[in-house]
Every structure is written in C-alpha cells, then in structure tokens.
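One structure is given below, encoded as structure tokens.
2 protein chains.
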Amino acid sequence: MRGICSDRVRPRQRILDTARNLFRKYGIKGIGVEAIAEAAETNKMTLYRHFGSKDELIAECLREAANRACDIWCDLEAQNPGDALAQVKGWVRIGAERVLSEGRGCDLANAAVELPDGDHPAKRVIQEFKVEQRNRLADLCRRAGLQNPDLVSDTLSLLLEGARVNRQSVGPDGPCAQFVAAAEAVIAASQRRPETLIADDRAR
Amino acid sequence: MRGICSDRVRPRQRILDTARNLFRKYGIKGIGVEAIAEAAETNKMTLYRHFGSKDELIAECLREAANRACDIWCDLEAQNPGDALAQVKGWVRIGAERVLSEGRGCDLANAAVELPDGDHPAKRVIQEFKVEQRNRLADLCRRAGLQNPDLVSDTLSLLLEGARVNRQSVGPDGPCAQFVAAAEAVIAASQRRPETLIADDRAR
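Now the structure itself:
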C-alpha cells in the first residue's frame, strides 16, 4: 500500500495525509497503525513518536479536516464581501459540491459514528467543530435578514448532514441529489416576512 | 460481557440480539465474533454455523432492523386510517421520537459509514431499505396532496438522516432538536399552492 509520499514532505505530515486517506477508504477502525506507517513510508515507532497513539492520530487528522473546512467562511466572505445572503447561498453551493465530489461524506460526522466511545479524544474535536459551524451559519443567516435565523440555519445544517450521510447509503442519485432544491426552498421561504406579503397585497 | 440471554431464546436469535446491541455500543468494527458469541452465551462455532461469517451476521442484523423499521408504515396507517396528511405528520412525530430516544442513530445509515467497502453483503440491505423508505414516504406525500411531493419527501428524509447523524456529533441539544420544527415548516409550506394564495389575495 503506498500513500502520499515524497522525500520533501516531512514524516509527520506524510503520516497525517496517508492516515486521512486510509481512514476514508477503509474506515477509522478498518486500518491499523502498522499499515498506515508502511503506506507513509515510515515505521510504527515514528508514528508513535509524533502522535503517541492511534487515537491521538485520529484526533489530529480531524483537527486538520476541521481547519480546512473552516476555510469556507473566509472563502464565502472573499467571494461575496459584505453580502450575507449571497454567502448563505454560497454555503449551499459549496455544500452541494462536497456532497457531489466526496462520496465518503464528512470526516468528522463519520468519525462520530465510528467512535461511540464518549472518552475518545476525537469526540471533543468533532463537537467543537460542529458547534462552531452551527454558530457561524446561524450568524450568517441572522446578518442575511432571514426570518427565524436559528431555525433556518439548523434546517440547512440538517439537510447537508443528511445529504452527506444518505449518499453513503444510496449513492448520488438518492435524496442527496435534492439538497440544493431543498435548501433553496428553505431560504426562499424565510426571505419574505408575512407582514411584507400582507403589505404587498394591500398595495395591489 | 453478558447479552440478552435466556434459556428460552434460541441461540440464533440470542446471537442476533446480542450482536445488534454490541454493534450499537462499540461500532460494527469495534467488536469481534468471539466477544459476541461469549456475550450471547454460546460459542464461535455456533455463530459461524448460523451465519457463516461476521459479514453475514452484520447483514442479518440490518435485515432485522430494516424489518422493524418498516413496521412504521403499518402503524401510521392504523393510527390515521385513510388520512395521508396525518400519516406524514405521524412520520415526523415517530422520527422525532427516534432522534430523542436512540442516541446512536439509524443502524443502517451508521453501517453504511462503517462499511465503505462496496462488496460487503450489508450494502445491498442498506440500499434496498433506504430506497423503499424513500419511495413509501414519497407515495404518502403524493397521496397527502402536498406540492412537489418528491422534493418534500426527500427534504423530510434528509432532515431525519441529518438529525440522527448530527446527534451523534453534538448531542440532543444541537440542530437535531429542531427536527420537528424544520419538518413541520416544510410540510406547511407545501400545503398551500401559490395559485390559492393569489386567489385569496384577489378575494380580499
């Protein structure tokens, strides 16, 4: 088994990159440290020197995945400066791209399924990541002037989580194919206030 | 480790009940056949005689889970005979009960996450189950006279899948707590046709 290896990539990063790919391919519990070390062209001793244990390697892989996923907020702001509604719609678009391109779903949500043990060091990484994502999306929905921003953002989060896990059960043509349509309907329904509708009606 | 054991329960069923509980507790890959056989107060040879392999035991556990989950459709019809809309709302209520009461989520969706290997015999069980659930909910939404019944039913499916997986990351107070409110908003929005709204406006 050969991972992402290069003489120019240092062992610690080689182990992380290789572990992430192998965890995705075989599941976190479907691959051992020996196979990871071998695929990263190093050895178990080096792996343990850098990470201490397989559990800590898993936690570190998820920290990296969380940091990468958090880049989304900077990208959304850069692409739609000051336009929170466009950023909410951009969040849906990026989510849809991930549903389509990554058949294995969200590394962090998958890890929560694979690690029911409450004491695993990865559990805190997962929880903190999901809470931060939730708060940031709720803040965006609030700034976008959507009605019931907390309900809208949680609805969008559940749709995306559902799409990413459902795709693993039934593939890309299942309910996950409706993610964008479902999310856009939720955003559209929360853009107009009932008072505005009534005011519009009276103006006719 | 002691499972669900009784002299009156036959070994095959004891193994299935024990395996289901241990898979839920430790994850499918977190427990071996030896520990399952011991907890079921039998031995590995008996387990293999009944199921052939751990993979087939997993598939059979999921078949049982799927059959139990399919009882929902009979219950909904029995509780709301001939009233498809009440049955859709009942589906949401039962889904919410499962989100609340079963912190480990859907056994079949979890198994899809834990078994990325496309050749695993459980994969077909999972796919057939999810496709059947999807078709039955879409049929119910159609009979309930909801607009865009396929979109509504897929939206509801994604919300429930999302709630069950998200609960495993952030617990019962996270976005999953909004499942009922989110699902009811989707149903309410699909009950009124735009034409009806315009007709109402003109009648004022």
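Chains as they are written, first to last, in my numbering: chain W, 1 to 204; chain E, 1001 to 1204. Glycine residues also receive a C-beta, built at the ideal position from the N, C-alpha and C atoms.
Sequence-distant Cβ neighbours of Gln191(W) in its own chain, meaning closer than 6 Å and more than five residues away, do not exist here.
When secondary structure is reduced to three states using DSSP, Asp83(W) falls in the coil class, being assigned neither helix nor strand.
Taking 8 Å as the cut-off, the Cβ atoms of Arg1136(E) and Trp1073(E) count as close.
Under the 10 Å beta carbon count, Gln178(W) is surrounded by 16 or more other beta carbons and is classified as buried. Secondary structure note for Gly1162(E): its alpha helix (DSSP H) is the uninterrupted segment Pro1149 to Val1170. The continuous stretches of alpha helix (DSSP H) do not include Cys1176(E), and DSSP gives it neither H nor E. Those residues of the stretch 1024-1049 of chain E placed with their C-beta closer than 7 Å to a C-beta in chain W are Lys1025, Tyr1026, Gly1027, Lys1029 and Gly1030, ordered along the chain. Rounded to the nearest angstrom, the Cβ distance from Leu158(W) to Gly95(W) is 12 Å, too far for a contact under 8 Å. For Ala1086(E) and Leu1108(E), the gap between their C-alpha atoms comes out near 26 Å. Pairing Thr46(W) with Ala40(W), the inter-Cα distance amounts to about 11 Å. Under the Cβ criterion (8 Å, minimum of three pairs), the stretch 1009-1019 of chain E counts as touching the stretch 1043-1058 of chain E. Between Arg1020(E) and Val1099(E), the CB-CB gap reaches or exceeds 8 Å.
For the stretch 1108-1126 of chain E, the beta-carbon criterion of a distance under 9 Å to any beta-carbon of chain W is satisfied by Leu1108, Ala1109, Asn1110, Ala1111, Ala1112, Val1113, Glu1114, Leu1115, Pro1116, Asp1117, Lys1123 and Ile1126. Sequence-distant partners of Asp1154(E) (beyond 5 residues in either direction) whose C-beta falls short of 6 Å from its own C-beta are missing from its chain.
Your pair Gly1162(E) and Gly90(W) does not check out as a contact, with CB atoms roughly 20 Å apart and the cut at 8 Å. Residue environment analysis places Ser1053(E) among the exposed positions, since fewer than 16 neighbouring C-beta atoms fall within 10 angstroms of its C-beta. With respect to the C-alpha of Glu64(W), the residue from Val165(W), Ala122(W) and Glu184(W) having the closest C-alpha is Ala122(W). Boundaries of the alpha helix (DSSP H) around Cys1141(E): Pro1121 to Arg1143.
When the beta-carbon positions are compared, Val1165(E) and Gly1105(E) come within less than 8 Å of each other. Taking the Cβ atoms as the reference, Val88(W) lies roughly 6 Å from Cys141(W), within the contact range of under 8 Å. Bounds of the alpha helix (DSSP H) holding Arg24(W) are Pro11 to Tyr26.
Apart from the 5 residues on each side of it in sequence, Pro149(W) sits with its Cβ closer than 7 Å to the Cβ of Ala138, Cys141 and Arg142 in its chain, given in chain order.
Annotation: Lys1054(E) has no Cβ neighbours in chain W at a cutoff of 7 Å; minimum Cβ distance is about 13 Å. Chain-ordered, the chain W residues with CB closer than 8 Å to the CB of Ser1157(E) read Gly162, Asn166 and Pro175. In chain order, Leu85, Val88, Val152, Ile187, Ser190 and Gln191 place their CB closer than 8 Å to the CB of Leu146(W), counting only its own chain and leaving out the 5 sequence neighbours on each side.
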